[in-house]
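Chains as they are written, first to last, in my numbering: chain A, 1 to 570; chain B, 571 to 994.
Beta carbons are placed, not taken as given, at the ideal position from N, Cα and C, and that holds for glycine.
Take a look at the structure set out below.
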Amino acid sequence: MKHYDVIVVGGGHAGTEAAAAAARRGANVLLVSQRIDQIGAMSCNPSIGGVGKGHLVREVDALDGLMGVAADDAAIHRRMLNRSKGLAVQGPRVQADRRRYRASIHSQLRRYETLSIVEDEAVELLVDSGRVSGLATATGDRFLAPAVVLATGTFLGGRLFRGDERLDGGRIDEAPSHALGKQLRALALPMSRLKTGTPPRLDGRTIDWARLERQPSDEEAWRMSFLPSGSKSLPSLACAITRTNPRSHDVVRAGFARSPLFAGAIEGSGPRYCPSIEDKVRRFDDRDGHQIFLEPEGLDDSTVYPNGISTSLSRETQDQLIASVAGLERARITTYGYAVEYDYLDPRALDHRLALPALPGLFCAGQINGSTGYEEAAAQGLIAGLNAAAQALSLAPFICDRASGYMGVMVDDLVLQGVSEPYRMLTARAEYRLALRADNAETRLTPLGIAAGAVREPRRRSYERNQAMRERARSGDLRHVDLAIQREVEEDARYAPYLQRQASEVARMRADCDVAVPAAELLPQVPGLSTEMIERLTAARPTTLDQASRVRGITPAALSALWLHARKTA
Amino acid sequence: MAADTIYALSSGSPPAAIAVMRVSGPDALAAAATLAGQLPLTRRAGLRTLRGSDGTALDRALVLVFPGPDSATGEDLVELHLHGGRAVVAAVDRALAAHSGLRQAEPGEFTRRALTNGRIDLTQAEGLADLLEAETEDQRRAALAASEGALGATLAGWMHRLSEAAALIEAMIDYDDEAEVSASDAGMWRAMVDNLREEMAAVLAQPTVERLRDGLLVVLAGPANTGKSSLFNALLGRDAAIVTPVAGTTRDVIEAQVTYMGMPFRLCDTAGLNERTSDPIERIGIDRAHAMIDRADVLLWLGEPALAPNGAIVVGAKSDLGTSVGCDIAVSVYHTNTITHLWELLSRRARSSLSLTSKVAFRRSQHSVVEGVAELLTTALVGDDLLITAEQLRVARHRLGALIGQDATEAMLDALFGRFCLGK
């Protein structure tokens, strides 16, 4: 029986960040994955970043995470979204070479001396007097640790759908983990189902590129990571755009009858902001076309990802759909699209550390918490990993609040509001959007990471160098100041009046963090709280007045009642 | 949660044609049966003779039974529609009080129970509280509109449109690469925000619920011995004026709440403006008189016309003594038709400044929130930085959302994904 400080289950974006983050804080970490070769796999689209998502990547990077560096190592196409708008909403996005991305994650993980990886299936959480004590695997191994992070993605109760086909699995050709899902359900945790999907993959050599609108990479080779570039940039590839047409939509409609989505086979709700092509055709019946972005998956891989047509329609329908699109008439499908339905845990059962108070020692990150997207998963993995290490090593918890970062907005949204569809990061969710920019993530978060002992030496030195440049730039001396830092300082000044106004909002929020809200069982004793308010507060379990103010449907009257109660009992 | 049964007169104070007594709680039906004998069918009015414990008839009354939870309070509820004389109401009150387990409701307790049991939401509750206090027709209309959701519906409609305008902008920000928002759509938010702002301004120009309730503030002022107090009494003495003495009137400002021909007024008589006084108590009275003059909606000036403050109606009181040169209106307390003329003048003023052109009236607290929202919309329309516009609209959405208990972000996202086909 081997002892660790932290065990991480799952080697996706959440799991790898969790394992690395825990190791950075000094924990002895075991990462358990069903297939070592799939660690760091991008299972859906081959891109990292975007508006909101790019902010998360920069924040993960500012806390010395893996994702930004891997994205730079594998970038074959760069695009800065919202380039014409303010820096606050500019979203860096790269197309990443799938194989090189995975290779970068593997090589980064190898550099953590206190991190080991084992290829096995997690089948049971070991529980000792109400606390997590370790993990049992399919091969019969038992590993002990006071903290376990679950980052199982779509593998818990994973079930794939395509036309009439049904397969068990978390990804195509990869087995689900049923045993663990069963155990969690047996623990009476609030579990439910969500759905997501992926499009068919095409053989790029069979696409008529010459007929399609090309989308070249940005000329400027900007980087995701704040670290100085170590490697040479890869050559860049262009993407292309095509569209569906009324004929494609007829094909899709004809496939509705065998659609698991509409025939009721799938019970979980899918994301509104990543709709399948059948959803798009059905909900926006008046459209004569939807864009398809053709994204190459790698430099030495001819696979192309047609972004915009995720689908669980039958193989025949997918063949006809592709053949109906300009430039794709002769394109060959290499892997058919499918939908996956999976178990998730109502994230309102978690606290802001992403820990599950009902089972001390257990942390959850990524899709299991009802989110979607690599970047959302990575940021949660990082938070869960830092806090799992804190639990094991008796360190201070690492909490990022809504005013400090998008990761704080996301965690707060998840644990207080819960989800009704997979949660995606949008800048519209951040009330302090003007202050939370992708370009100033280092300024906002790296000092917090240094204070938490979560940042390694090279990052700390790089931050200090950059800080010195920022100070020079603020004093008006732009000599030897990097262009990115000059821009950051200029942008700070541009929005200063608005940031000052927001500062008072932030101060109020932080003051309300000091007002305690009674535990659920004591809420009926608060005078003036209606049954409905008590139910809503019980589900979200806010611990401070600030958190309560963001619980959906909580009225100002209920907040006044809570405030009065706190004043009386103080 | 509420175990005891409460009762109270829920119509205005007697005397009136009908008085409605409400009993709510677990013992409501039993208590009503003690008074009325067999109760009528649920939700059907039945005529019953109410009897005291000694068997004497108290009143012939309509009895209505509303079993919980489908009643106004969410509990078992009985309404007794009595003849509205003071003696009858007092007798039924005593009979209910004698029933063990029943107690007189505290002010607002019915509303609170309705709120607790989820029968009404907060804007409705605030509207109901005003209804309970409402004394005139306009007030009743404003209060009813709020409790029946006209106010809530107006605010929700604004929230929806604001969310749609914001969704346009947010789609351009969060989905820059998808070109889903067409160039023609892109500018549409301006017209949407501008329309909304104008509509808000129109409703903001209306009097608030509080003003409708309190009525027009009419202040009588002028030097000592010009007949202010006589005129004050004469105005109150008219048959059509229903006078409610206001508790806590000071010895130097005398105030009365008056309803004249269905319009509410607050009438204030002030101390004579003897500026040369050395009496400290009289000085206080004079300072208060000046304060009232500043706050008055209508100032009736009794004194030298040349010294009348701006906008005052110069009243020639004692017109029977022939001192009405330069006055706007001449009155004499001995000629009731002159007092009626003055009332008519006041009523015209009240009608133009207190009348509602829409069915929605805000409470003062709601008024100030909407005023702030309208200001944010105005600033959102100037400037060309999409991010700053989005920020103004965000603050506006959150303020409006808080007023009606809606999550502003979710409302905007619903509008966003309902309208645009976003996401790859």
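Can you say whether residue i is buried or exposed, counting buried as having 16 or more other CB atoms within 10 angstroms of its CB?
i: B:ALA704; result: Residue confidence for B:ALA704 is low, a pLDDT of 46 falling below 50, so the modelled location carries little weight and cannot support an answer.
i: A:GLU457; result: exposed
i: B:ASP597; result: buried
i: A:TRP209; result: exposed
i: B:PRO815; result: Reliability fails at B:PRO815, whose pLDDT of 49 lies under 50, so the model's placement of it is uncertain and no value is given.
i: B:GLY818; result: Residue confidence for B:GLY818 is low, a pLDDT of 34 falling below 50, so the modelled location carries little weight and cannot support an answer.
i: A:ALA70; result: buried
i: A:ASN466; result: buried
i: A:ALA396; result: exposed
i: A:ARG536; result: buried
i: B:VAL884; result: buried
i: A:ARG58; result: buried
i: A:ALA573; result: The structure shown does not extend to residue 573 of chain A, since chain A is modelled only from 1 through 570, so no value can be given for it.
i: B:ILE851; result: exposed
i: B:GLY988; result: exposed
i: A:LEU202; result: buried
i: A:ASP347; result: The residue you asked about is not Asp; residue 347 of chain A is Pro in the sequence shown. Buried, by the Cβ-count rule.
i: B:THR820; result: Because B:THR820 sits at a pLDDT of 40, beneath the cut-off of 50, its placement in the model cannot be relied upon, and the following sentence gives the value as read from the coordinates. Answer is exposed; the Cβ neighbour count stays below 16.
i: B:ALA810; result: Note that B:ALA810 has pLDDT 48, beneath the 50 cutoff, so the model's placement of it is unreliable and the number below is only indicative. That one is exposed.
Going by beta-carbon coordinates alone, are residue i and residue j separated by less than 8 Å?
i: B:ALA606; j: B:ARG592; result: no
i: B:ALA876; j: B:GLY886; result: no
i: B:THR796; j: B:GLY855; result: no
i: B:LEU647; j: B:SER581; result: no
i: B:LEU986; j: B:ALA737; result: yes
i: B:MET782; j: B:ALA931; result: The question names Met, but residue 782 of chain B in the sequence shown is Leu. It is a contact, given that the beta carbons lie within the stated cut-off.
i: A:ILE485; j: A:ARG470; result: yes
i: A:ASP61; j: A:ARG24; result: no
i: A:GLY289; j: A:ARG243; result: yes
i: B:ASN687; j: B:GLU734; result: no
Check the C-beta distance from residue i over to residue j and give it rounded, since I have them as a contact under 8 Å.
i: B:ALA997; j: B:PHE835; result: The displayed coordinates of chain B run from 571 to 994. Any statement about residue 997 of chain B would go beyond what the structure contains.
i: A:ARG444; j: A:SER404; result: 6 Å
i: A:GLY49; j: A:VAL94; result: 6 Å
i: B:ALA661; j: B:LEU628; result: 5 Å
i: A:ALA378; j: A:SER371; result: Their Cβ separation, rounded to whole angstroms, is 10 Å, which puts A:ALA378 and A:SER371 out of contact at 8 Å.
i: A:LEU81; j: B:ASP747; result: 5 Å
i: A:TYR603; j: A:ASN369; result: No answer is possible for residue 603 of chain A: the residues shown for chain A start at 1 and end at 570.
i: B:LEU970; j: B:TRP759; result: At roughly 16 Å, the Cβ-Cβ gap does not stay under 8 Å, so B:LEU970 and B:TRP759 are not in contact.
i: A:ASP9; j: A:ALA136; result: Residue identity differs from the one stated: residue 9 of chain A is Val in this sequence, not Asp. With 8 Å as the limit, A:VAL9 and A:ALA136 do not qualify as a contact, their Cβ atoms being about 11 Å apart.
With residue i as the anchor, note down where its alpha helix (DSSP H) starts and where it stops.
i: A:MET509; result: 496-512
i: B:HIS653; result: It is not in any alpha helix (DSSP H) - B:HIS653 instead sits in the beta strand (DSSP E) that spans 647-653.
i: A:MET425; result: No alpha helix (DSSP H) holds A:MET425; DSSP gives it neither H nor E.
i: A:GLU572; result: Outside the modelled stretch of chain A, which goes from 1 to 570, sits residue 572 of chain A, for which no answer is possible.
i: A:ALA540; result: 531-540
i: A:GLY49; result: Element bounds for A:GLY49: not the alpha helix (DSSP H) but the beta strand (DSSP E), 47-49.
i: B:ASN765; result: 758-774
In the DSSP assignment, find the beta strand (DSSP E) that holds residue i and state where it starts and stops.
i: A:ILE207; result: A:ILE207 -> no beta strand (DSSP E), and no H or E assigned at all.
i: B:TYR577; result: 575-579
i: B:ARG919; result: Where B:ARG919 is concerned, there is no enclosing beta strand (DSSP E), although the alpha helix (DSSP H) it sits in stretches over 906-924.
i: A:GLY197; result: 191-198
i: A:GLN95; result: 91-96
i: A:TYR4; result: Premise fails: A:TYR4 is in no beta strand (DSSP E) and is neither H nor E.
i: A:ARG131; result: 131-137
i: B:SER594; result: 588-594
i: B:GLN936; result: Where B:GLN936 is concerned, there is no enclosing beta strand (DSSP E), although the alpha helix (DSSP H) it sits in stretches over 934-951.
i: A:PHE143; result: 142-144
Requested in this report: Using a Cβ-Cβ cut-off of less than 7 Å, give me the residues of the segment 718-748 of chain B that come near chain A, in sequence order.
Outcome: Along the segment 718-748 of chain B, the positions whose C-beta sits under 7 Å from a C-beta of chain A are GLU740, ILE743, ASP744, ASP746, ASP747 and GLU748, read in chain order.
Query raised in the report: Going along the segment 466-499 of chain A in order, which residues come within less than 7 Å of chain B, judged by CB to CB distance?
Result: From the segment 466-499 of chain A, only TYR498 have a Cβ closer than 7 Å to chain B.
Requested in this report: Could you name the residues of the segment 794-808 of chain B whose beta carbon sits closer than 8 Å to any beta carbon of chain A, in the order they occur along the chain?
Outcome: Going along the segment 794-808 of chain B in chain order, one finds no residue with a Cβ nearer than 8 Å to chain A.
Query raised in the report: Between the segment 412-431 of chain A and chain B, which residues of the former have a C-beta closer than 9 Å to a C-beta of the latter?
Result: Of all residues in the segment 412-431 of chain A, ASP413, GLN417, ARG424, LEU426, THR427, ALA428, ARG429 and GLU431 have a Cβ within less than 9 Å of some Cβ in chain B.
Query raised in the report: Which residues, taken in chain order from the segment 280-310 of chain A, show a beta carbon closer than 9 Å to some beta carbon of chain B?
Result: Residues LYS280, ARG283, PHE284, ARG287, HIS290, GLN291, ILE292, PHE293, ASN307, GLY308, ILE309 and SER310.
Query raised in the report: Of the residues that make up the segment 43-69 of chain A, which ones have a beta carbon closer than 9 Å to any beta carbon in chain B?
Result: Interface annotation for the segment 43-69 of chain A against chain B: ASN45, GLY50, VAL51 and GLY52, criterion Cβ-Cβ distance under 9 Å.
Query raised in the report: Going along the segment 85-105 of chain A in order, which residues come within less than 7 Å of chain B, judged by CB to CB distance?
Result: Against chain B - using a Cβ distance shorter than 7 Å - the residues of the segment 85-105 of chain A are LYS85, GLY86, ALA88 and VAL89.
Query raised in the report: Got a sec: which bits of the segment 68-83 of chain A sit with their beta carbon under 9 Å from any beta carbon on chain B, in order along the chain?
Result: Per Cβ criterion, the list reads ARG79, LEU81, ASN82 and ARG83.
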